[in-house]
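Participant:
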Amino acid sequence: MPMVAVVPDPFPQSIEEINVGIKHQLMKEVRQFGRKYEKIFKLLEEVRGPVEVKKQFVEFTIKEAARFKRRDLIKHLEKILEKTGSGN
């Protein structure tokens with residue numbers, strides 16, 4: 001009698017669920033002390049959807065960075081926003 005293992009799907013079902021998870025991680029990362037922004041930029045690259053959605057995520061991250069007075073991070077994010085805007 002063969003054993004069949006049922007493995008749950010490790011990935012979220014929809015783009016919205018993926019993006020909600022990314023947004024939650026972004027909020028955590030912005031709060032972290034220090035200037036290690038690589039993870040934030042990597043998370044922003046993983047955002048799914050059209051360019052408008054990606055812009056919204058960068059704008060959200062800028063607002064979150066402003067809450068915690070992360071001026072250097074805001075400068076980097078504004079550069080990303082400019083690149084995203086000119087990519088149309």
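FYI, the UniProt record's numbering numbers position 28 of the sequence shown as 28, with every residue one higher than the one before it.
Using N, Cα and C, we set each Cβ at its ideal position, and we do this for glycine too.
Predicted model, so just to flag it, every value in this text is computed and none were measured.
#1: Closer than 8 Å by C-beta to N19: which residues in its own chain qualify, once you throw out the five before and the five after it? Chain order, please.
#2: Leaving aside the five residues before and after L81 along the sequence, list all residues of the same chain whose C-beta is less than 6 Å from its C-beta, in chain order.
#3: How many Å lie between K83 and S14 at the Cα?
#4: Put F57 into one of helix, strand or coil per three-state DSSP.
#5: Check whether the Cβ atoms of R71 and V30 lie closer than 8 Å to each other.
#6: Helix, strand or coil for G21 per DSSP?
#7: Starting from E45 and walking both ways along the alpha helix (DSSP H), at which residues does that stretch end?
Facilitator: A quick look at the data gives this:
#1: Counted from its first residue, the sequence shown places residue 19 at position 19. Here the set comprises V47, R48, G49, V53, F57.
#2: As a first step, residue 81 must be located in the sequence shown, where it is residue number 81. Closer than 6 Å at the Cβ level, and outside the excluded window around L81, lie V58.
#3: Translated into the one-based positions of the sequence shown, residue 83 becomes position 83. Translated into the one-based positions of the sequence shown, residue 14 becomes position 14. In a straight line, the C-alpha of K83 is about 27 Å away from that of S14.
#4: Taking the sequence shown and counting its residues from 1, the one referred to as residue 57 is at position 57. Three-state result, F57: helix.
#5: For this step, residue 71 is matched to residue 71 along the sequence shown. For this step, residue 30 is matched to residue 30 along the sequence shown. Between R71 and V30, the C-beta spacing is not below 8 Å.
#6: What you label residue 21 is simply residue 21 of the sequence shown in a count that begins at 1. For G21, the secondary structure class from DSSP, reduced to helix, strand or coil, is helix.
#7: The count along the sequence shown starts at 1 and reaches residue 45 at position 45. Note, E45: alpha helix (DSSP H), 38 to 45.
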